[in-house]
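In what follows, a structure is listed as structure tokens, so that the remarks can point back to it.
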């Protein structure tokens, strides 16, 4: 993944975002799969908590593979700081990554999601 994604997105893939297949349970706060057994993305830290207790954007169901990147960005912008179940040490690591200067890879070339 290092050759396709910048360190911040690698961090989210490794430490925060989990891929799953929706079942019959309520998959998230507002997020609903469009079809049975749809693949979704969720926060690996608050998945065990009732959906009413999770911060927004804890679960998403991208309708196309081209929307996966945007789903992770929404998680980063909305859910990450608001989630009380993500350990503080991960939030500190994220802030450090954001401060460091990295070679940015243009978004249109990101195909790893």
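Numbering (this note's numbering), first residue to last: 61 to 173. Built from N, CA and C at the ideal position, the CB exists for glycine as well.
_residue 77 - DSSP class collapsed to helix/strand/coil_ = Working through the chain shown from its first residue, we reach residue 77 at position 17. Assignment of residue 77 by DSSP, reduced to helix, strand and coil, places it in the strand class.
_I'd like to know whether the C-beta atoms of residue 81 and residue 97 end up nearer to each other than 7 Å._
Translated into the one-based positions of the chain shown, residue 81 becomes position 21. Translated into the one-based positions of the chain shown, residue 97 becomes position 37. A contact, by the Cβ cut-off of 7 Å.
*Buried or exposed: where does residue 144 fall if 16 or more other Cβ atoms within 10 Å of its Cβ makes it buried?*
Locating residue 144 in the chain shown gives position 84, counting from the first residue. When all chains shown are included, residue 144 counts as exposed.
_Cβ contact (3+ pairs, closer than 8 Å) linking the stretch 120-134 and the stretch 151-162_ = Contact between the stretch 120-134 and the stretch 151-162 is not established, with fewer than three Cβ pairs separated by less than 8 Å.
*Along the beta strand (DSSP E) that carries residue 99, what are the first and last residues, could you check?*
Mapped onto the chain shown, residue 99 falls at position 39. Going by DSSP, residue 99 is part of the beta strand (DSSP E) stretching over 99-103.
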